[in-house]
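Start counting the sequence shown at 1; every next residue gets the next number (the working numbering).
For every residue, glycine included, the Cβ atom is placed at its ideal position computed from N, Cα and C.
Remember, predicted model here, so these are calculated numbers, not experimental data.
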Amino acid sequence: LEVLSFSPQKVVVQMNYEYEQPGNSFYLMVEDNYVVVYLDDKITLYMDTDISLKDLPDELQQEIIQGMYVEDEENLYDFLENYSS
């Protein structure tokens, strides 16, 4: 946010936005007992899935509950193909 000019009659401000290219890594996390995919910032939702946490092996469930790091899109889609119904 930047003030461009001001006077007793008028204030002119400008809001500037900067686009950040998302990284190529992801985190698998859990919401409402389903696996969801977040970008590497762990804030931006990349995609919802239909993968129920309870349908995964116990060890994998624990990794995802803690936030499972996925290196790139290829590994992400390999995981999704293996565990999607």
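Would you grab the beta carbon distance between residue i and residue j for me? Rounded to a whole angstrom, and I think it's under 8 Å.
i, j, result
"residue 64", "residue 29", "7 Å"
"residue 6", "residue 76", "Residue 6 to residue 76, Cβ: 49 Å. No contact."
"residue 35", "residue 46", "With 8 Å as the limit, residue 35 and residue 46 do not qualify as a contact, their Cβ atoms being about 12 Å apart."
"residue 61", "residue 53", "6 Å"
Within 10 angstroms of the Cβ of residue i, are there 16 or more other Cβ atoms? Answer buried if so, exposed if not.
i, result
"residue 11", "exposed"
"residue 3", "exposed"
"residue 90", "The chain is shown from 1 up to 85; residue 90 falls before or after that span and cannot be answered."
Can you give me the start and stop residues for the beta strand (DSSP E) that residue i sits inside?
i, result
"residue 50", "45–52"
"residue 34", "34–39"
"residue 31", "26–31"
"residue 14", "11–14"
Are the Cβ atoms of residue i and residue j separated by less than 9 Å?
i, j, result
"residue 55", "residue 83", "yes"
"residue 24", "residue 72", "yes"
Hey, quick one: how far does the alpha helix (DSSP H) through residue i stretch, first residue to last?
i, result
"residue 66", "58–66"
"residue 83", "73–83"
Give the DSSP-derived three-state secondary structure of residue i in the structure shown.
i, result
"residue 4", "strand"
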